[in-house]
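Read the structure below first, then the notes.
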Amino acid sequence: MNLFPTSVHWRAPRTIVAIIVLAAFVLLPFAVGSEGDFYVKFATRVLIYALAAIGLNFILGFGGMVSLGHAMYIMLGAYCVGIPMHHEITSGWAHLAFAIALTAVLATVVGAVALRTTGIAFIMITLAFAQMLFFVAVSLKEYGGDDGLTIAARSNFGLFDIASNVSLYYLAFSAVLLALYLSWRAVLSPFGLILRGSKANSRRALALGHPILRYQLVAYVLSALVCAVAGVLLANLTQFASPSYGAWTLSGELIVIVILGGLGTVFGPLVGAVCLLVLEEILPTLVEATFPDYKSNWMLLLGLFIFFVALLLKRGVFGSLRGGAK
Amino acid sequence: MSALVTTSLVKRFGGVQATDNVSLTVESGQLHAIIGPNGAGKSTLIGQLAGEIKPDAGRVELFGNDVTAQSVVARANMGLARTYQITQLAKEFTALDNVLLAANAKVSSNFRFWANAHADTHAVNQSLAALAKVGLLDAKDRTVGELGHGEQRQLEIATALATEPKVLLLDEPLAGMSQGESAAMIALLKSFKGRYPMLLVEHDMDAVFQLADCVSVLVYGRIIATGTPEEIRSNADVRAAYLGDEVNA
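Line order of the protein sequences matches chains X and C. Take the first sequence: its letters are residues 1026 to 1351, numbered as in this note's numbering. Take the second sequence: its letters are residues 3 to 251, numbered as in this note's numbering.
Given below as structure tokens:
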């Protein structure tokens, strides 16, 4: 069996950038050394956002479904760590199983309703569901309600001990690698061909006899599951679960990450997450150092960056790089 | 058995009777052409046959089964394939991927996530054969955007063929084609005769009279005459309503 689903153009800029980014992530904990806890935690956050964005990209970039509610699955994943932990169920495998089972049920219901519509209506329905779940979380007084829920310890994954920040980092990195690989394969598979076909021309796909709703729903649920796993990781990173993880602004941020990296590329979300989160981290410091009076206006620069990417690189930072042999 | 039968099909849009009591039959192995002036309701009729438009009254039968209430997908899976008057293709896909998408439609569910779609040699060979049949084999790796208008029309036909259809609905396949492209398309459609039952909607009278076994004339949503090409050519009503100068010239 071939490891790669398709031949790889090793000298194409996309391949080179992808390898550099992945190598940088592998080496980061060594480069920052034992004093670099802040950087390791920050990079873990980048990886978790990238993981969620890879999930969203599967339906947004390849299926053309603009979900403005995917943060709800991150929040659900986080509470699937927080609530069991509160009741002293410490097994990470149990947390993961809760997250997967509950997300599969929720996403099937939300997807089945939302996919009856397309375009703006689809955006609004996914947003509405996310808002509902947000307020359900706020109402959970026993679990901190509005203030969120502090998690005493990290999930216990048995042999895979994630007590140290570096081990959690590598767990998140492995999850990203796995998600990248699986979405690469899925996108090129017959399932992916039909999913992409339904985005490119749904009328044609139907006329050929593809029951596209079925494929879209399966893609939607898979994409939600990836976000739920990201939520499990996020709760372990912050040792905290909060309704804010399901805020619509986070759903929006995921969309920005996907578009920034390059819609319809498998690797784009990782590049998008690196760009957005690194800029969000360094711009405030940079602005404060140069123009102390305008410290709070750093968002203006971020806005300019997004503006120019949208204007000049129609296919995003990674998507604009040459990928094939031509 | 007749491939496709409509009985007293009616469709109104507001006050307009777009389809007015249309009954027609596409016999197996035959090419049945529908001609008529612009606005006669030809595309509305095709839409009802394919299932995209629900008729207000009447029946559509496919190989003896009543499919009036069946969806587009169900009809397609029964072997009904169509081409569109305005090209409907996956624009950013290559020609091959467009046809491969069609070749993957024969199973009602296709949940294969692992293997590359291009590694399915059966589907790929079938797609290449369909491309070869319409003369697009050399263009297989070009995206639809890189294809000329005529080539896109040919690709429409190839996607229909790749579904292994049992009946073809062709909505103005010659629209906007150059003379040379038209001739090639007519030859191609001729080669399908006897193999697939076809319903052809077309403006090009030369093509219709060359290809059709049976011609129906649609005017204001109604069929005013049905017959062999010779009968239609000599029908006084048809000449008055539609053919007019073109036949005399």
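Heads up, the beta-carbon is just placed ideally off N, CA and C, and yes, glycines get one too.
Secondary structure at C/Met200: strand, using DSSP grouped into helix, strand and coil. A direct Cα-Cα distance of roughly 9 Å separates X/Asp1171 from X/Phe1160.
Against chain C, the CB of X/Arg1036 has no partner CB under 9 Å away; the residue lies outside that interface. Under the three-state reduction of DSSP, C/Ala83 is assigned to strand. C-alpha of X/Phe1087 to C-alpha of X/Leu1152: approximately 20 Å in a straight line.
Closest in C-alpha terms to X/Thr1274, from the list X/Gly1094, X/Leu1028, X/Met1090, comes X/Gly1094. An exposed status is given to C/Gln212, since fewer than 16 other beta-carbon atoms sit within 10 Å of its beta-carbon. Taking the Cα positions, X/Val1033 is about 41 Å away from C/Ala189. Taking C/Gly66 as the centre and dropping the five residues before and after it, the same chain places the C-beta of Met3 closer than 6 Å to its C-beta, in chain order. Within the same chain, Val12 come within 6 Å of C/Ala59 by CB-CB distance, once the 5 residues on both sides are set aside. Under the DSSP assignment, C/Ser4 falls in the beta strand (DSSP E) whose first and last residues are 4–15.
Listed by position along chain X, the residues whose Cβ is nearer than 8 Å to that of C/Lys93 are Ala1225, Asn1226. When Cβ-Cβ separations below 9 Å define contact, C/Asp99 makes contact with chain X. Less than 9 Å divides the Cβ of C/Thr27 from the Cβ of C/Thr8. Taking each of X/His1112, X/Ala1119, X/Met1090, X/Gly1089 in turn and checking the Cα distance to X/Gly1102, the smallest one comes out for X/Ala1119.
In summary, no residue of the stretch 126–159 of chain C has a CB separated from any CB of chain X by less than 7 Å. The Cβ atoms of C/Ala132 and C/Ala160 sit closer than 9 Å to each other. Taking a 10 Å sphere around the C-beta of C/Met200, we find 16 or more other C-beta atoms and assign the residue as buried. Taking 9 Å as the cut-off, the beta carbon of X/Pro1215 is found closer than this to the beta carbon of C/Ala125. Residue contact check for X/Phe1087 against chain C: no CB pair falls below 9 Å.
By the Cβ-count criterion, X/Ser1223 is buried, with 16 or more other Cβ atoms from all chains shown falling within 10 Å of its own Cβ. Contacts between C/Val74 and chain X, judged by CB atoms closer than 9 Å, involve Arg1228, Leu1231, Ala1232, Gly1234 in chain order. Within the stretch 127–215 of chain C, the complete beta strand (DSSP E) segments of 3 residues or longer fall at 169–173, 200–203, listed in chain order.
No Cβ-Cβ contact shorter than 9 Å links X/Val1046 with X/Leu1346.
Residue-level contact check: X/Thr1143 does not touch chain C, since none of the beta carbons of chain C fall below 9 Å from its beta carbon.
Per DSSP, the continuous beta strand (DSSP E) segment holding C/Gly60 begins and ends at 59–64. Sequence-distant partners of X/Ala1298 (beyond 5 residues in either direction) whose C-beta falls short of 8 Å from its own C-beta, in its chain, are Val1071, Leu1072, Tyr1074, Ala1075, Ala1078, Ile1282, Gly1286. Spanning the alpha carbons of X/Val1243 and X/Pro1294 requires a straight line of approximately 21 Å. At least one beta carbon of chain C lies nearer than 9 Å to the beta carbon of X/Thr1031.
Closer than 9 Å to the CB of X/Tyr1240 there is at least one CB belonging to chain C. Following the DSSP letters along the chain, one finds C/Asn112 in no beta strand (DSSP E), marked with neither H nor E.
Put simply, the CB of C/Leu202 is far from chain X, with every gap to its CB atoms at 9 Å or more.
Of all C-beta pairs linking the stretch 33–44 of chain C to the stretch 203–221 of chain C, three or more are shorter than 8 Å, placing the two stretches in contact. The C-beta of X/Trp1323 has 16 or more other C-beta atoms within 10 Å across all chains shown, which makes the residue buried. Per DSSP, the unbroken beta strand (DSSP E) holding C/Leu26 starts and ends at 18–29. Approximately 7 Å separates the beta-carbon atoms of C/Asn106 and C/Ala119; this is inside 8 Å, confirming the contact.
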